[in-house]
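Engineer: Mind looking over this structure? Questions follow.
There are 2 protein chains.
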Amino acid sequence: MIRQNQELLNYIIKLHQIEPHDVVIEQHYIPQETIISHDKRVNYVYIFKEGIAKCFLIEDNGKEFIEEFFGKGEIVGEIEVINSHLTVANIEAITSVVVFKIQKDIFMQLLDSDKTFNHLILRALCSKIQYKAIRHSYHQSHPVESNLLRLKRDFPDFINVIPKQDIANYLGITLRSLNRTLNDLKERYLF
Amino acid sequence: MIRQNQELLNYIIKLHQIEPHDVVIEQHYIPQETIISHDKRVNYVYIFKEGIAKCFLIEDNGKEFIEEFFGKGEIVGEIEVINSHLTVANIEAITSVVVFKIQKDIFMQLLDSDKTFNHLILRALCSKIQYKAIRHSYHQSHPVESNLLRLKRDFPDFINVIPKQDIANYLGITLRSLNRTLNDLKERYLF
DNA sequence: TCGCAAAAAGGACAATTGTCCAAACAGCCC
DNA sequence: GGGCTGTTTGGACAATTGTCCTTTTTGCGA
Numbered sequence: 001m002i003r004q005n006q007e008l009l010n011y012i013i014k015l016h017q018i019e020p021h022d023v024v025i026e027q028h029y030i031p032q033e034t035i036i037s038h039d040k041r042v043n044y045v046y047i048f049k050e051g052i053a054k055c056f057l058i059e060d061n062g063k064e065f066i067e068e069f070f071g072k073g074e075i076v077g078e079i080e081v082i083n084s085h086l087t088v089a090n091i092e093a094i095t096s097v098v099v100f101k102i103q104k105d106i107f108m109q110l111l112d113s114d115k116t117f118n119h120l121i122l123r124a125l126c127s128k129i130q131y132k133a134i135r136h137s138y139h140q141s142h143p144v145e146s147n148l149l150r151l152k153r154d155f156p157d158f159i160n161v162i163p164k165q166d167i168a169n170y171l172g173i174t175l176r177s178l179n180r181t182l183n184d185l186k187e188r189y190l191f
Numbered sequence: 001m002i003r004q005n006q007e008l009l010n011y012i013i014k015l016h017q018i019e020p021h022d023v024v025i026e027q028h029y030i031p032q033e034t035i036i037s038h039d040k041r042v043n044y045v046y047i048f049k050e051g052i053a054k055c056f057l058i059e060d061n062g063k064e065f066i067e068e069f070f071g072k073g074e075i076v077g078e079i080e081v082i083n084s085h086l087t088v089a090n091i092e093a094i095t096s097v098v099v100f101k102i103q104k105d106i107f108m109q110l111l112d113s114d115k116t117f118n119h120l121i122l123r124a125l126c127s128k129i130q131y132k133a134i135r136h137s138y139h140q141s142h143p144v145e146s147n148l149l150r151l152k153r154d155f156p157d158f159i160n161v162i163p164k165q166d167i168a169n170y171l172g173i174t175l176r177s178l179n180r181t182l183n184d185l186k187e188r189y190l191f
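Heads up: the protein sequence lines correspond to chains A and B, in order.
Numbers 1 to 191, taken from full-length UniProt numbering, label the letters of the first sequence in order.
Numbers 1 to 191, taken from full-length UniProt numbering, label the letters of the second sequence in order.
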C-alpha cells in the first residue's frame, strides 16, 4: 500500500554526497502541502527521503482517486519528464516529507550517462506497472471487504496512519461504505 | 482501449531489416493461441506487428481481469525481463497475430548499447503507467454506463471486434451487467 | 466547564450490480 | 426439417454500494 524503493534511495543518497549540491537538492514539506499539482509543467524529478505522500487524480465529477501512497525511495515526476507531458496527477504530503529533487535536464543526462541509474529507473517504472496491474485487477475482482483485509495484511496500522477519506478514495468507494464494511469486520473480530 | 506504439514498431522494423535475422525474429499466432502464460520464466520480449491480443490476470476466485488489449507496436515481456521476475500476466491472441520477438539477453544489451532504443522503451513504460493510472481512476469513479460510452468514443467498433465476455472482464463486471447496460443505452439511442 | 463548530459515524432508502437459472437462438449433423 | 448442443440473452431476486441526511463525538476557545 505504501510504496518504497530502498535501492533507489540508497543510490540517490550516494549521489547527493558525491555531486555538487545543486544536482541533488533536499527539500522539506509540511503535512497537506502540495508537492506537484496537475496540468503543470514539471521541472524536477522528486525522490522521497522521509514521510508519506498521496498521489491522486481528480475526475470530472469531482471525485478524488488515490493512485498510490509514496514512502521512502519512491520517485515522482519522472513520467512527465521522460514523456515531456504536463502532470496528470497531484502529489500532496500526508505526514512531514523530505525529498531529494533533481532538475529535469540533469535527470535526463543522468539517464544517458549513468548506466546504473538508468537501470534503477527502468526497474522503478516496471515495478510501478506491475503494482498497478495487480492492484487494479484485485480491486475490480473482489468485494470491499477483501480489499480491506488485504490492506491490513500488507500494512497492519494503515487505519491509524492514513485518514479515512483517503482510504476510501484509494479503494474507490465512499466513506459510508468504508465505515459500514469496517463495522461488519469488527463485529466478526476480523479487524 | 487497444494500445498502440507506432514509433516503437517503426524502429523494430528497421532493426529487423538491418540486423541478422536471429536478433529480431518474426512469429505468427492463430486466434486464441497463448503467447505468454503466467508464472513462467520469459525468454523473449515481444513486439506486436499485426493483430490484437489480450493481456489478463486470473484471480484466486477464478475471475479473469483484462489489463490491456495490445495492438501494433505494443511490447510485452519487457517488465519480466527488466525485473527478472516470472510472468504475472497471460497474453492470448484474439485475432491472428504477428509479433517480432527479441531474446532477453539481446534485449538487455540493446537497452545498454542503443540510446534511441533505451528511450523508446523508457517512453513505452511511462505510457503504460499513465494509461493504467487514468483508466483505473476512471473506472473506479464512474458507473458502467460512462465506461461503455468512453470505450465507444475511443474505439467506436469495439463491440463487434472484442468478444462480449472480454469486454466484461476488461470493465471488471459480469456479462449480465454488460448486457443490461447495453440495453439501457440502446433504448435511449445512445449506442 | 460550557458551548460551538467541525469531523466522524450511522440510519433509511434508492440505485446499481451480481447470482442463478430459464428462455431464445444459432450452428450442425443426421 | 428435426433434434441436439453450445452460446447468448434476459427475468427475478439478493447483495452490495451510494445518496442524503441526522446523530454522535471530538477538539478547542471563551
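Even glycine gets a Cβ: it sits at the ideal position worked out from N, Cα and C.
1. Pick out whichever of THR181(B), GLN103(B), ILE47(B) and LYS132(B) has its Cα sitting closest to the Cα of GLU7(B).
2. Using a Cβ cut-off of 7 Å, pull out every chain B residue sitting near GLY73(A), in sequence order please.
3. Is any beta-carbon of chain A found at less than 8 Å from that of PHE48(B)?
4. Confirm, please, whether the CB-CB distance from PHE191(B) to LEU182(B) is below 8 Å.
5. Hey, is the stretch 85-95 of chain A in contact with the stretch 37-53 of chain A, meaning 3+ C-beta pairs nearer than 8 Å?
6. ALA168(B) bridges to which residues according to DSSP?
7. Ends of the beta strand (DSSP E) at GLN27(A)?
8. What is the rounded straight-line gap between the Cα of ARG153(A) and the Cα of HIS142(A)?
9. With a threshold of 8 Å between beta-carbons, can GLU67(A) be considered close to chain B, or not?
10. Just how far apart, CA to CA, sit ILE66(A) and ILE162(A)?
11. Can you tell me whether GLN140(B) is helix, strand or coil according to DSSP?
12. Among ASP114(B), GLU19(B), PHE107(B) and LEU175(B), which residue has its Cα nearest to the Cα of TYR44(B)?
13. DSSP on TYR46(A), reduced to helix/strand/coil?
14. Which same chain residues end up closer than 8 Å to VAL81(B) when comparing Cβ atoms and leaving out the 5 residues on each side of it in sequence?
15. Are the Cβ atoms of GLN130(A) and ILE79(B) separated by less than 8 Å?
16. Alpha helix (DSSP H) containing THR181(A): first to last residue?
17. When you compare the CB of residue 238(A) with every CB in chain B, is at least one pair closer than 8 Å?
18. With contact counted as at least three CB pairs below 8 Å, one residue from each stretch, are the stretch 121-128 of chain A and the stretch 119-129 of chain B in contact?
19. Scan the UniProt domain "Cyclic nucleotide-binding" (8-111) of chain B for residues whose Cβ lies nearer than 8 Å to a Cβ of chain A and list them as they occur along the chain.
20. Report the residue from ASN169(A), GLU187(A), ASP184(A) and ARG176(A) whose alpha carbon sits nearest the alpha carbon of PHE56(A).
21. Is there a Cβ of chain A sitting closer than 8 Å to that of ALA133(B), yes or no?
22. Thinking C-alpha only, which one of ARG188(A), LEU175(A), GLU187(A) and LEU185(A) is nearest LYS63(A)?
23. Mind checking the stretch 156-179 of chain A against chain B and listing, in chain order, the residues whose C-beta falls within less than 7 Å of any C-beta there?
24. Taking buried to mean at least 16 other C-beta atoms within 10 Å of its own C-beta, is TYR189(A) buried or exposed?
25. Taking only three categories from DSSP, how would you classify ASN90(B)?
Structural biologist: The relevant details are as follows:
1. ILE47(B) is the residue among THR181(B), GLN103(B), ILE47(B) and LYS132(B) whose C-alpha sits nearest the C-alpha of GLU7(B).
2. None at all; the shortest Cβ gap to chain B is about 16 Å.
3. For PHE48(B), the answer is no, since every Cβ of chain A falls outside 8 Å of its Cβ.
4. Contact check for LEU182(B) against PHE191(B) passes: the beta carbons are separated by less than 8 Å.
5. Put simply, the stretch 85-95 of chain A touches the stretch 37-53 of chain A. At least three CB pairs are less than 8 Å apart.
6. Residue pairing of ALA168(B) in beta bridges, as defined by DSSP: absent, with no partner found.
7. 24-29 is the extent of the beta strand (DSSP E) around GLN27(A).
8. Approximately 15 Å, taken between the alpha carbons.
9. Interface residue, yes.
10. In a straight line, the C-alpha of ILE66(A) is about 12 Å away from that of ILE162(A).
11. Under the three-state reduction of DSSP, GLN140(B) is assigned to helix.
12. For TYR44(B), the closest alpha carbon among the candidates ASP114(B), GLU19(B), PHE107(B) and LEU175(B) is that of PHE107(B).
13. TYR46(A) falls in the strand class under three-state DSSP.
14. The beta carbon of VAL81(B) sits closer than 8 Å to those of VAL42, VAL45, LYS104, PHE107 and MET108, all from its chain and outside the five residues before and after it, given in chain order.
15. Cβ atoms of GLN130(A) and ILE79(B): closer than 8 Å.
16. Per DSSP, THR181(A) belongs to the alpha helix (DSSP H) from 175-187.
17. With chain A covering only 1 through 191, there is no way to say anything about residue 238(A).
18. Touching, yes.
19. Closer than 8 Å at the C-beta level to chain A, one finds these residues of the UniProt domain "Cyclic nucleotide-binding" (8-111) of chain B: LEU57, GLU59, ASN61, LYS63, PHE65, GLU67, GLU78, ILE79, ILE82, ASN83, HIS85, VAL88, ALA89 and LEU111.
20. For the residues ASN169(A), GLU187(A), ASP184(A) and ARG176(A), the minimum Cα distance to PHE56(A) belongs to ASN169(A).
21. With 8 Å as the cut-off, ALA133(B) counts as an interface residue toward chain A.
22. Ranking the options by Cα distance to LYS63(A), first place goes to LEU175(A).
23. Against chain B - using a Cβ distance shorter than 7 Å - the residues of the stretch 156-179 of chain A are GLY172.
24. Taking every protein chain shown into account, the CB of TYR189(A) has fewer than 16 other CB atoms within 10 angstroms, so this residue is exposed.
25. Reduced to three states, the DSSP call for ASN90(B) is strand.
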